[in-house]
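Reading through the structure tokens given below for one structure.
Structure representation (structure tokens):
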């Protein structure tokens, strides 16, 4: 069975911080070295007034736009 992806979409939080900034601000459970070794360079954080529904709506909008190109 073959599976193909066409136009994956995602949405991120409003503000990006380096992993070091997020560790210093106690926004992570892991230390910066562990996060960097795992391939992370930045940590995106939502604004206080952005909820999970907002993120889902943004992704759904992108998905709808992506589906317009599928034949």
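Numbering (my numbering), first residue to last: 3 to 73.
Glycine included, C-beta positions come from ideal geometry on N, C-alpha and C.
Option nearest residue i by Cα separation, candidates the options
i          : options        : result
residue 25 : 16, 14, 61, 38 : 38
Under the three-state DSSP convention, the category residue i falls into
i          : result
residue 21 : helix
residue 28 : coil
residue 66 : helix
Whole-Å CB distance - residue i paired with residue j, under 8 Å assumed
i          : j          : result
residue 59 : residue 12 : Incorrect: roughly 13 Å between the Cβ atoms, too far for contact.
residue 9  : residue 48 : Contact flag wrong, Cβ pair sits at about 24 Å.
Given 8 Å, three or more beta-carbon pairs between the segment 39-49 and the segment 3-20: For the pair of segments examined, the segment 39-49 was found to touch the segment 3-20: the number of CB pairs separated by less than 8 Å reaches three.
Quick check on the DSSP output: what are the complete beta strand (DSSP E) runs of length 3 or more inside the segment 32-63, in order along the chain? Qualifying beta strand (DSSP E) stretches, in chain order: 44-47.
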